[in-house]
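Number of protein chains: 2
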Amino acid sequence: MTQTDEEKARYQARMAKKKAHIDQKVAEATEERGIIIVLTGNGKGKSTAGFGNVARCVGHGFKAGVIQFIKGTWACGERDLLEQHGVECHVMATGFTWDTQDKAKDTAAAQAVWQSGKAMLTNPELRLVLLDELTYMIRYGYLDESEVITALQNRPKQQSVIITGRGCPKALIELADTVSEIKPVKHAFDAGIKAQQGIDW
Amino acid sequence: MTQTDEEKARYQARMAKKKAHIDQKVAEATEERGIIIVLTGNGKGKSTAGFGNVARCVGHGFKAGVIQFIKGTWACGERDLLEQHGVECHVMATGFTWDTQDKAKDTAAAQAVWQSGKAMLTNPELRLVLLDELTYMIRYGYLDESEVITALQNRPKQQSVIITGRGCPKALIELADTVSEIKPVKHAFDAGIKAQQGIDW
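Sequences listed follow chains A and B, in order.
Under the working numbering, the first residue of the first sequence is numbered 576, with each subsequent residue one higher.
Under the working numbering, the first residue of the second sequence is numbered 576, with each subsequent residue one higher.
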């Protein structure tokens, strides 16, 4: 690709304008505090984004904690790896609701792991807390929504929290600073491709 | 929460039905091969999901590789961490286009790192290859779309690939097996909250 001098100058002017706009936005963002990030929607990538952010955080030398609701009966590569880096993980480990078929037992398991979550939300040493699949716990009535919200509101000022799961309750969306909705455009599983270790779990 | 026996039986029946449906879908998904996952859209979570999936993969003991387009001038916590686990990372490291303001130089940098990407796409030892921010390279014309597609099509059968970035070209969406569109509902940055190390980068 060869650019003429004129094309080059035009490109440079366009990019300089874009840079000025972005620099201004960066300059305007001055509030320094932890944030709440919600990753919801029915598409693939919510939990992996949560764990990826934990990897980013501990990769910079900060401390982070993980509460994993529902899952935990299968081997979890990302959790195993992050535990090697000092990430404290607590796992509900009941499996899916359609596997347990026992609401009282699931509720007790959710409540038990939530006590560890609440403790994390009071610990200023943790820069990031991942509450993976939390949304279901509220929707199923295993955890009390207002209790969760109070714990989130009272957390240390510099602590960030990531909440994942489908169908995030409205009150959590409102409380959050950053919300992404992950929409499924298509999924390999629906095309008959088997879920694979290292990719799907 | 106290369930009556009747409520308990109703719940169990509903979950048993759900389990039967899911078990059937799992049984129908029999094709075993690597997949292409596209994470696109304007919301937060694309690259972190990509890196989270790499963490999952190497956490299970598989090998993975990462090509990081555009970014790489900043410290990258998740890359530092994954390199400790043997993940081969190649980084374009030019910074954003509006910072470089030099299309010829950016194109050369993209082409150089793409050579490493092409080599990864022929390496059957790699279970997963992350092509982070690839979409921009095609959109900006730094890489040839058909060359990228040919390399993806000819990769080893069991290898999976994750492609991230906004505005994914249609041909890549069509080729992909799993596509998630990450929609921004809201973003802390727009509310004036400063980007933070360990969270935003």
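We put the CB at the ideal spot given by N, CA and C, even for glycine.
Name, in chain order, the residues that DSSP records as bridge partners for K761 (chain B). A:V754
Identify every run of the alpha helix (DSSP H) within the region 614–677 of chain A, keeping only runs that are complete inside it and at least 4 residues long; order them along the chain. 621–634, 652–658, 672–675
Euclidean distance between Cα positions of V641 (chain B) and V688 (chain B): 10 Å
Length of the line joining the Cα atoms of Q690 (chain B) and E722 (chain B): 11 Å
Per DSSP, what are the beta-bridge partners of T739 (chain A) in this structure? A:L614
Would you report the Cα separation of A602 (chain A) and R608 (chain A), rounded to the nearest angstrom? 16 Å
So with Cβ pairs under 8 Å, would you call P731 (chain B) a contact of chain A? no
Span of the beta strand (DSSP E), counted from its first residue to its last, around D707 (chain A): 701–707
Give a yes or no on whether 8 Å exceeds the smallest Cβ distance from T710 (chain B) to chain A. no
Cα-Cα, which of A:I724, A:T697, A:Q587, A:L656 is closest to P731 (chain A)? A:T697
Cβ shell of T753 (chain B) (< 8 Å), same chain only, five flanking positions each side left out: I610, I611, I612, V613
State yes or no: is the beta carbon of H665 (chain A) nearer than 8 Å to at least one beta carbon in chain B? no
Three or more beta-carbon pairs under 8 Å between the region 621–640 of chain A and the region 764–775 of chain A, yes or no? no
Pair within 8 Å by beta-carbon distance, I757 (chain A) and I757 (chain B): yes
Would G716 (chain B) pass as a contact of L706 (chain B) if the rule is Cβ separation under 8 Å? no
Specify, as a first and last residue, the run of the alpha helix (DSSP H) that E603 (chain B) falls within. 580–603
Neighbouring residues, chain A, relative to W673 (chain B) (Cβ below 7 Å): M590, K593, K594, I597
Local Cβ density within 10 Å of Q643 (chain A), reported as buried at 16 or more and exposed below that: buried
Along the chain, where does the alpha helix (DSSP H) that runs through T725 (chain A) open and close? 720–728
Is the CB-CB distance between I738 (chain B) and L747 (chain B) below 8 Å? yes
Only counting the same chain, and skipping five residues up and downstream in sequence, which positions put a Cβ closer than 6 Å to that of R741 (chain A)? N617
7 Å Cβ shell around E581 (chain A) - same chain, five flanking residues per side excluded: none
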